[in-house]
Amino acid sequence: MKSKYAALSFLIIIFPVFLLAQQSSEVKRGNEMRSKFSIEMGEFNWRNAVANSRKDTIKFLNLSHCRTDSLGIILNSYPHITSLSLNSTLFNPDELPGIKLDSLKRLDLSGNSLREIPAFVFRLKQLESLDLRSNFIDRIPGKLRKLKQLEIVDLSHNRLDSLGLTAGWNWRISKIYLNQNNLTEVPKQINRLRRIEELVIMNNELTRLPSRTGRIRTLRAMKLENNCIQTDGQNLRPLRRLQLLNLDNNDINYLTPNLLALKGLNNLQFNNNAILDIPDWIDGFEQLEAFSMYKNRISQLPASFYNLRKLKVIDIYHNELEVIDPAINNFSELEILYTSYNKLYSVPAEIADLAHLKALYLHHNRLSYLPEEFGKLNNLEIFHVNNNYLSTFPLFVLTLKKLRELKVSNNDIRDFPREVTKLDKLKVFFFNNELIRDFTGKEADTVEFLKKYMTANDILIDYKAMAN
């Protein structure tokens with residue numbers, strides 16, 4: 000276990016350095032160009048800021064965590080900025096009655112203990128993005144409608160309830176974030192946002208899906224994680240352009256056919272609920288590309304599930320599956336298959352027909368055998384089959400030339416072929432278990448050879464028992 004943490008620590012230290020070393024000259028030039036038009040108050044005091052000869056060209060002003068009694072003077076010295084961050088400055092709104100920022104498009108007022116939206120905000124006629132996260136705001140005034148260019152509003156981590164959202168919206172808003180407030184329902188006023196594309200209401204107290212969004216023809220993503228939602232057969236208006244519905248961490252224990260009103264979805268997520276069965280009508284989601292049921296109580300997949308031929312990602316981690324049907328080869332576009340932490344005692348050879356499969360997660364099951372046909376998975380890059388009951392090393396792995404990650408630890412394997420070193424793309428290899436202490440002779444030599452080779456080639460290894 001210590002070696003695991005040591006490896007992770009090494010990656011944490013080295014990876015950022017690697018990224019910096021790989022930074023392209025184009026990105027560097029972009030950063031240099033941005034530095035000519037931006038300024039951070041951490042570099043100098045406010046008197047220098049006011050006297051700065053470049054102030055007419057400055058477009059981005061970052062005053063985050065800057066505490067000053069002269070904020071109004073500073074802001075009036077930069078009338079042409081288009082982006083301003085006052086994050087965690089704890090400024091006094093009463094000190095900014097006369098500031099004039101006619102060109103401002105992006106404003107960050109997060110983390111300032113504000114109880115209402117400051118008056119100067121309503122004079123920013125060009126404002127497109129307003130960040131009000133982590134304040135104490137409990138209502139949205141109607142004056143917000145004056146901001147005709149406003150498109151993005153983040154009101155996460157405030158004290159809004161449904162009544163506090165009854166006013167203040169304009170028709171141009173395309174993204175609204177209401178995470179971690181006190182909402183018990185989605186306000187009907189949301190229906191007036193005719194251009195909204197993304198609605199995010201996580202960590203609230205919603206009990207039902209929004210049923211008043213039928214007029215919103217532009218909505219593409221609805222993220223409602225961490226609420227108290229139940230699918231109770233309520234009427235849902237069709238949302239023809241909705242592509243993503245995320246209902247992770249709610250109180251859902253069964254799926255009802257009313258969800259088919261959203262049959263244009265291509266990404267459906269029900270992680271960490273208490274769902275027992277996937278219904279037969281699931282194939283009504285004909286456009287589905289990603290399906291996630293992580294941490295539920297599903298014991299079998301219905302035959303109709305295998306009709307979802309456009310699926311690219313399937314996540315059924317942490318369920319109670321014992322069998323996967325050979326019809327899985329219907330998923331000709333599948334790229335990632337998560338089936339770990341189930342009760343699988345076998346997997347079908349037909350998985351080998353998934354020509355586009357890049358990642359296969361089978362760890363923490365009851366597998367004692369793997370089909371040799373898996374050697375046909377020519378595009379496989381990640382293969383995790385640790386924590387099973389395999390007694391022999393899966394030799395087909397040696398033909399998987401694109402493999403980057405291989406985990407076979409915590410099985411009953413005692414013989415590891417040296418040919419693993421011929422997998423040129425391999426960067427992660429967890430290959431042994433607690434029986435290593437019993438290795439003798441040729442087996443011990445092979446283990447030592449693999450350890451030295453992997454270390455010399457900067458391959459992340461763990462030759463001790465792994466918990467995951």
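So the sequence shown is numbered by numbering that gives the first Met the number 0: it starts at 0 and just counts up by one.
For every residue, glycine included, the Cβ atom is placed at its ideal position computed from N, Cα and C.
Candidates the options: which alpha carbon is nearest residue i's?
i	options	result
I172	P301, E127 and Q268	E127
L261	Q188, E204 and G283	G283
N138	N157, K145 and D130	Looking at the sequence provided, one finds Arg at residue 138 rather than Asn. Among N157, K145 and D130, the Cα nearest to that of R138 belongs to N157.
K294	E184, L275 and N328	L275
G163	K174, F135 and E150	F135
N318	L258, K222 and A273	A273
N271	E224, K311 and N306	E224
R240	L264, C227, I228 and L254	L264
R219	R193, K104 and Q188	R193
I228	V199, E184, N257 and L243	E184
N378	S408, I412, P370 and L402	L402
F330	T338, S291 and L310	L310
S109	L103, T88, L95 and P96	T88
D324	L307, P347 and N203	P347
L149	L129, Q188, D160 and L159	L129
P416	K450, E380 and I189	K450
I151	D160, K104 and L159	K104
R207	Q188, Q242, D250 and N181	D250
In whole angstroms, what separates the C-alpha of residue i from that of residue j?
i	j	result
D93	N111	14 Å
D101	F121	11 Å
R216	P209	14 Å
D153	N169	14 Å
Y340	L62	47 Å
E196	L238	11 Å
F448	L397	17 Å
N252	L287	21 Å
L60	Y360	46 Å
D457	L422	13 Å
L459	N75	54 Å
F493	K174	In this structure the chain extends from 0 to 467, so residue 493 is not present and cannot be described.
T67	I98	16 Å
F146	L70	In the sequence on display, residue 146 carries Leu and not Phe. Cα to Cα, L146 sits roughly 23 Å from L70.
R132	M201	13 Å
L235	T454	57 Å
I335	I315	11 Å
F304	L399	29 Å
L106	P117	12 Å
E371	V312	23 Å
S82	K124	14 Å
N410	P393	11 Å
E115	N248	31 Å
I412	L356	25 Å
N306	L246	23 Å
N30	K424	Annotation note: pLDDT 47 at N30 (below 50); position unreliable, no value reported.
F430	S291	29 Å
L333	I72	58 Å
F395	N190	55 Å
S390	D414	9 Å
N203	K375	47 Å
Between which two residues does the alpha helix (DSSP H) containing residue i stretch?
i	result
N75	L70 to N75
Where do the ends of the beta strand (DSSP E) carrying residue i lie?
i	result
Y176	K174 to Y176
E404	E404 to K406
V312	V312 to D314
R105	R105 to D107
M292	Unbroken run through M292: none, as it is neither H nor E.
E197	E197 to V199
D461	L459 to D461
N61	F59 to N61
L267	N266 to Q268
Less than 6 Å between C-beta atoms, sequence neighbours within five positions excluded: which residues of the same chain meet that for residue i?
i	result
L405	F382 and F428
M221	L198 and L244
L85	L62 and L108
Y452	T420
H64	S87
For residue i, collect the residues of the same chain with a Cβ closer than 8 Å to its Cβ; drop the 5 residues on either side in sequence, then sort them by chain order.
i	result
D55	H79
R365	K342, L343, Y344, N387 and Y388
Can you name the residues that DSSP bridges to residue i?
i	result
L129	L106 and V152
F428	L405 and I460
S84	N61 and D107
A220	E197 and L243
H383	Y360 and K406
I335	V312 and A358
State yes or no: is the beta carbon of residue i nearer than 8 Å to at least one beta carbon in chain D?
i	result
R403	The displayed structure is made up of one protein chain only, and chain D is not part of it.
Leaving aside the five residues before and after residue i along the sequence, list all residues of the same chain whose C-beta is less than 7 Å from its C-beta, in chain order.
i	result
N328	E349, D352 and L353
S155	R132, Y176, L177, N178 and Q179
D279	P301 and S303
Hey, is residue i close to the ligand FAD, as in C-beta under 7 Å from one of its heavy atoms?
i	result
I274	With respect to the ligand FAD, the structure offers nothing, as it holds no ligand at all.
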